[in-house]
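Presented below is the structure to which this report refers.
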Amino acid sequence: MFVILSNPKSRFKCNRHGLSPFSYRKGRKVTTMGAVCLRAGIQYFIEHKLLTPDIQDIARFLYKGEGLNKTAIGTYLGERDPVNLQVLQAFVDCHEFANLNLVQALRQFLWSFRLPGEAQKIDRMMEAFATRYCLCNPGVFQSTDTCYVLSFSIIMLNTSLHNPNVRDRPPFERFVSMNRGINNGSDLPEDQLRNLFDSIKSEPFSIPEDDGNDLTHTFFNPDREGWLLKLGGRVKTWKRRWFILTDNCLYYFEFTADKEPRGIIPLENLSVQKVDDPKKPFCLELYNPSCRGQKIKACKTDGDGRVVEGKHESYRISATSAEERDQWIEAIRASITRVPFYDLVSTRKKKIASKQ
Numbered sequence: 001m002f003v004i005l006s007n008p009k010s011r012f013k014c015n016r017h018g019l020s021p022f023s024y025r026k027g028r029k030v031t032t033m034g035a036v037c038l039r040a041g042i043q044y045f046i047e048h049k050l051l052t053p054d055i056q057d058i059a060r061f062l063y064k065g066e067g068l069n070k071t072a073i074g075t076y077l078g079e080r081d082p083v084n085l086q087v088l089q090a091f092v093d094c095h096e097f098a099n100l101n102l103v104q105a106l107r108q109f110l111w112s113f114r115l116p117g118e119a120q121k122i123d124r125m126m127e128a129f130a131t132r133y134c135l136c137n138p139g140v141f142q143s144t145d146t147c148y149v150l151s152f153s154i155i156m157l158n159t160s161l162h163n164p165n166v167r168d169r170p171p172f173e174r175f176v177s178m179n180r181g182i183n184n185g186s187d188l189p190e191d192q193l194r195n196l197f198d199s200i201k202s203e204p205f206s207i208p209e210d211d212g213n214d215l216t217h218t219f220f221n222p223d224r225e226g227w228l229l230k231l232g233g234r235v236k237t238w239k240r241r242w243f244i245l246t247d248n249c250l251y252y253f254e255f256t257a258d259k260e261p262r263g264i265i266p267l268e269n270l271s272v273q274k275v276d277d278p279k280k281p282f283c284l285e286l287y288n289p290s291c292r293g294q295k296i297k298a299c300k301t302d303g304d305g306r307v308v309e310g311k312h313e314s315y316r317i318s319a320t321s322a323e324e325r326d327q328w329i330e331a332i333r334a335s336i337t338r339v340p341f342y343d344l345v346s347t348r349k350k351k352i353a354s355k356q
């Protein structure tokens, strides 16, 4: 017997194999360092006969493994390795969704791991969820495609209703319009959609936060950081700012010791390019290629410490050399991703339409 503890420094029980506290903590530490290391941690437990190599046993370990890093679990389950795919299916089968509405089932599912950011991984995991939900609740939807599309609509609704950076809160009528014809060409009952909408509106999804919400953790291991000059949005002056690139966002600070950023630029749907500026060399520009002339969705703190909407239609930033500029551009391009949900939903809606 063994007990996985949330705090790896805590005491543990192991009355069959006599592992030392050092070796046990080593295995626990390995399982919190990402998909590759999670695989190594699982192998470590198997070698010490704390876990069998059976797919069902591994899935139950991940499902019930209190203290395991849920980001690492999500990354591991999203891998395309044949073993990982089997574990994903077994992991989803650990969930019992019978007699739960779709929001209730999603709350349970999305709390058991942290959904990865890559579209292909999300697609596989949500496909497995939709199949399992329909198996547990026959007759609720006409196909798993309906469940798949509606699940993404609910996830996007959750973001639109509860993300403080989103000002346009969609009404119920827009949610209904988004989901017209998804039930094999038919509309879902309005009272069913109303129940789902009201549930999300009253209580957002609880998403696992392995490291808490402290911004210190966000900035601990950035993709890139350094001093750059930024051109103001309304007042066109250049100011030196400390930039940190992490988690698909670009943060800038007045001083390196500041705990809170002066501004936050989400990079979703943005592009970056080299640009010539008559006053500053080695410039790059952040812009929205599909919404030229419109303000970029970003925020900053004003002189009174209030969080306000950014004024920029584009962000112009100057480095100290061409090499540094190119390195920042490369790092930003690697970080920029389009929101995958919209493409996944669009593809699945086309599939539903083709069946009619």
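Counting from 1, one number per residue, gives the positions in the sequence shown under full-length UniProt numbering.
Don't be surprised by glycine CBs; every beta carbon is placed ideally from N, CA and C.
This one's a predicted model, so the numbers in the text were calculated from it and none came from an experiment.
Backbone secondary structure at residue i - three-state DSSP
i, result
"Cys147", "helix"
"Glu285", "strand"
"residue 357", "Since the first residue of the chain shown is 1 and the last is 356, residue 357 is not available in this structure."
"Gly233", "coil"
"Phe253", "strand"
"residue 360", "The structure shown does not extend to residue 360, since the chain is modelled only from 1 to 356, so the question has no answer here."
"Val140", "coil"
"Asn195", "helix"
"Gly117", "coil"
"Asn158", "helix"
"Arg224", "strand"
"Ile336", "coil"
"Tyr24", "Annotation note: pLDDT 32 at Tyr24 (below 50); position unreliable, coordinate value reported separately. Helix at Tyr24."
"Leu77", "helix"
"Gly263", "strand"
"Lys279", "coil"
"Lys351", "helix"
"Tyr342", "helix"
"Met33", "Because the pLDDT at Met33 is just 40, under 50, the model does not fix this residue reliably, and the value given afterwards should be weighed accordingly. The answer is coil: DSSP assigns Met33 none of H, G, I, E or B."
"Ser206", "coil"
"Lys49", "coil"
"Glu268", "coil"
"Lys295", "coil"
"Ser153", "helix"
"Leu19", "Note that Leu19 scores a pLDDT of 31, beneath 50, so its modelled location is shaky; the value from the coordinates is reported in the next line. Coil."
Where the alpha helix (DSSP H) through residue i begins and ends
i, result
"Pro82", "82-93"
"Thr301", "Segment 299-301 is the beta strand (DSSP E) holding Thr301; no alpha helix (DSSP H) there."
"Ile58", "55-64"
"Arg174", "172-178"
Short Cβ contact (7 Å threshold) for residue i with residue j
i, j, result
"Gly78", "Pro116", "yes"
"Ile207", "Leu267", "no"
"Tyr315", "Leu344", "no"
"Leu284", "Arg241", "no"
"Phe97", "Tyr133", "yes"
"Ile182", "Thr146", "yes"
"Val272", "Ile329", "yes"
"Phe113", "Ile73", "yes"
"Arg262", "Phe255", "no"
"Leu245", "Ile265", "no"
"Lys230", "Lys239", "yes"
"Arg169", "Ala331", "no"
"Phe141", "Phe109", "no"
"Leu161", "Lys201", "yes"
"Val87", "Ile55", "yes"
"Glu313", "Lys295", "yes"
"Asn101", "Ser143", "no"
"Ala334", "Phe282", "no"
"Arg234", "Lys349", "no"
"Leu38", "Phe45", "no"
"Arg180", "Asp191", "no"
Residue interval of the beta strand (DSSP E) (run including residue i)
i, result
"Ser314", "314-318"
"Ser271", "271-275"
"Glu309", "307-309"
Residue i CB to nearest heavy atom of the ligand FMN below 6 Å
i, result
"Gly185", "In the structure shown, the ligand FMN is absent, as is every other ligand, since no ligand is present at all."
**Asked** Would you call the segment 116-125 and the segment 154-174 touching, i.e. three or more CB-CB distances under 8 Å?
**Response** Taking 8 Å as the limit for Cβ pairs, the verdict is that the segment 154-174 does not touch the segment 116-125.
- Task: Specify whether the segment 131-150 and the segment 176-196 touch according to this definition: at least 3 beta carbon pairs, one from each stretch, less than 8 Å apart.
- Result: yes
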